[in-house]
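Engineer: Below is a structure I'd like to ask you about.
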Amino acid sequence: MPGPTELIIILVIVLIVFGSKKLKNMGSDLGSAIRGFRTAVADDDKTKSTETTESSESVAKTHDKDQP
């Protein structure tokens, strides 16, 4: 595991190579990507929840019809 001095050296090299503006853009792009991923996961969970509820209701209706 790199120590604090090594991490600072790596950070300085990255700043020199990419520049501060490009790093800022990369950070905001990464944040947008993570936000989009979380939204997609939340939407997928809602869809699965809705499908499960609809399936349960369908089974309940079928079960009620089978009762004499």
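Position 43 of the sequence shown, counting from 1, maps to 35 under my numbering, and the rest follow consecutively. Beta carbons are placed, not taken as given, at the ideal position from N, Cα and C, and that holds for glycine.
1. Could you compute how far the alpha carbon of Ser24 sits from the alpha carbon of Asn17?
2. In the structure shown, what three-state DSSP assignment does Met18 receive?
3. Assuming Leu7 and Leu(-1) form a contact by the criterion Cβ under 8 Å, report the distance between their Cβ atoms to the nearest whole angstrom.
4. In terms of residue numbering, what span does the alpha helix (DSSP H) encompassing Pro(-4) cover?
Structural biologist: According to the structure data:
1. 11 Å
2. helix
3. Their Cβ separation, rounded to whole angstroms, is 13 Å, which puts Leu7 and Leu(-1) out of contact at 8 Å.
4. Pro(-4) to Phe10
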